[in-house]
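Mapping the sequence shown onto the UniProt record's numbering, position 121 (from 1) lands on 121, and the numbers just tick up by one.
Note that CB positions come from ideal geometry on N, CA and C, so glycine has one too.
Notes follow once the structure below has been shown.
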Amino acid sequence: MNKTPRIGIICGSGMDKLSIIASPERVEITTAFGDPSGHITLGEIAGVPVAIVNRHGIGHTRLPSEINVRANVAALKMLGVTQVLSFSAVGSLTQAAPPGTFVAIDQFIDRTYRRVNTFFGSGVVAHVPFGEPVCGNNHTHIVNALEAQSIPHLSEGLYVVMEGPHFSTRAESLFHQQIGGTVIGMTAMPEPKLCREAELCYNMIAMVTDYDCWHSTHDDVNAAMVSQQMKENIQMAEALLTHIIPSLAQHDSPCPKGCQHALDGAIMTSPNLMTADTIQRYSPLLDRVLKPGQ
Numbered sequence: 001m002n003k004t005p006r007i008g009i010i011c012g013s014g015m016d017k018l019s020i021i022a023s024p025e026r027v028e029i030t031t032a033f034g035d036p037s038g039h040i041t042l043g044e045i046a047g048v049p050v051a052i053v054n055r056h057g058i059g060h061t062r063l064p065s066e067i068n069v070r071a072n073v074a075a076l077k078m079l080g081v082t083q084v085l086s087f088s089a090v091g092s093l094t095q096a097a098p099p100g101t102f103v104a105i106d107q108f109i110d111r112t113y114r115r116v117n118t119f120f121g122s123g124v125v126a127h128v129p130f131g132e133p134v135c136g137n138n139h140t141h142i143v144n145a146l147e148a149q150s151i152p153h154l155s156e157g158l159y160v161v162m163e164g165p166h167f168s169t170r171a172e173s174l175f176h177q178q179i180g181g182t183v184i185g186m187t188a189m190p191e192p193k194l195c196r197e198a199e200l201c202y203n204m205i206a207m208v209t210d211y212d213c214w215h216s217t218h219d220d221v222n223a224a225m226v227s228q229q230m231k232e233n234i235q236m237a238e239a240l241l242t243h244i245i246p247s248l249a250q251h252d253s254p255c256p257k258g259c260q261h262a263l264d265g266a267i268m269t270s271p272n273l274m275t276a277d278t279i280q281r282y283s284p285l286l287d288r289v290l291k292p293g294q
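This is how it looks when you write it as structure tokens:
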């Protein structure tokens, strides 16, 4: 594929064999932050070039805590991606989002504690704004696409991110409800934080597979339950992608919400204090701010 993919898709459980990808091509890529979860698939959806990474690796070989999210995001950035659409299987914390519901996430509570959640450190200090963790511009397009495809959905939602790999206790599930959670899952973080640092538009679509373990009349979540519901969710995910990808492609310009300028004013370290090796390591992320005009 000769066209640069501007849209990256991060796939989760059950989405390693999307049937809507035309002219798929595998690309092996390494980054300064290590290797991504596996090869990157380049191809087209509805005639639009895309780059796809499976966060768990082919065959689901990585726990949520083992995913090298930095490498996954850096690889997409290196390939020319400017917008990231991420999918995640989740449990519902509300009666309003039964299994089969898609939630256009607009906020997160990060309760993970074993993951590297920044590209920076080791000689470069940066603090990016994160009050609105998803791209508001693309969020609108996603909600419109969900409505157009008549997919059961919520147009906003709070994703509580847990470390895993175990599912919640009932007490934890009830607590996550009390703090306002809409859904709970293990894979969302630190994707939006790293995409913000990489100056990429990021949006998360959470696909509900179960009621976690708070619901008195539904079985507690288990892996088999998640897998079964995901088989049904995949068809809706493919319908959504076929509709939303052309819409996002029409807006391949600097994000009006400022996603492509997230590092403006965020870097605290003077370039004069950065070594040549450090500048080289961060080149895919910092070239715009360190080498204006290039």
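Neighbour-count burial assignment, residue i, 16 or more Cβ in a 10 Å radius
i    : result
G38  : buried
L273 : exposed
S173 : buried
P256 : exposed
V226 : buried
A22  : exposed
R170 : exposed
Whole-number beta carbon distance between residue j and residue i, since they are thought to touch under 8 Å
i    : j    : result
D212 : G91  : 4 Å
I45  : I245 : 5 Å
A126 : V161 : Their Cβ separation, rounded to whole angstroms, is 22 Å, which puts A126 and V161 out of contact at 8 Å.
C195 : V50  : About 16 Å separates the two Cβ atoms, so there is no contact after all.
L158 : G181 : 5 Å
R114 : P190 : Incorrect: roughly 11 Å between the Cβ atoms, too far for contact.
F33  : R70  : 4 Å
E199 : Q260 : 5 Å
Q83  : N138 : 6 Å
M186 : F102 : That belief does not hold up - the Cβ atoms of M186 and F102 are roughly 18 Å apart, past 8 Å.
Where residue i sits in the DSSP three-state scheme
i    : result
N72  : helix
E197 : helix
Q149 : coil
P24  : strand
I245 : helix
S173 : helix
G293 : With a pLDDT of 49 at G293, under the threshold of 50, the modelled position of this residue cannot be trusted; read the value that follows with caution. Of the three classes helix, strand and coil, the one that applies to G293 here is coil, per DSSP.
S122 : coil
Q250 : coil
E44  : strand
A96  : coil
I234 : helix
Pairwise C-alpha distance: residue j and residue i
i    : j    : result
R281 : I151 : 42 Å
S168 : S155 : 25 Å
E163 : K193 : 16 Å
F87  : S65  : 17 Å
E232 : G100 : 7 Å
A239 : Q149 : 7 Å
T140 : N203 : 10 Å
K3   : K77  : 15 Å
D230 : H166 : Residue identity check: residue 230 is Met in the sequence provided, not Asp. Approximately 19 Å, taken between the alpha carbons.
V81  : G121 : 24 Å
L93  : V289 : 41 Å
Beta bridge counterpart(s) of residue i as assigned by DSSP
i    : result
N138 : Per DSSP, none; premise fails for N138.
C11  : N54
A266 : The partner list for A266 (beta bridge, DSSP) is empty, contrary to what the question assumes.
P49  : E44
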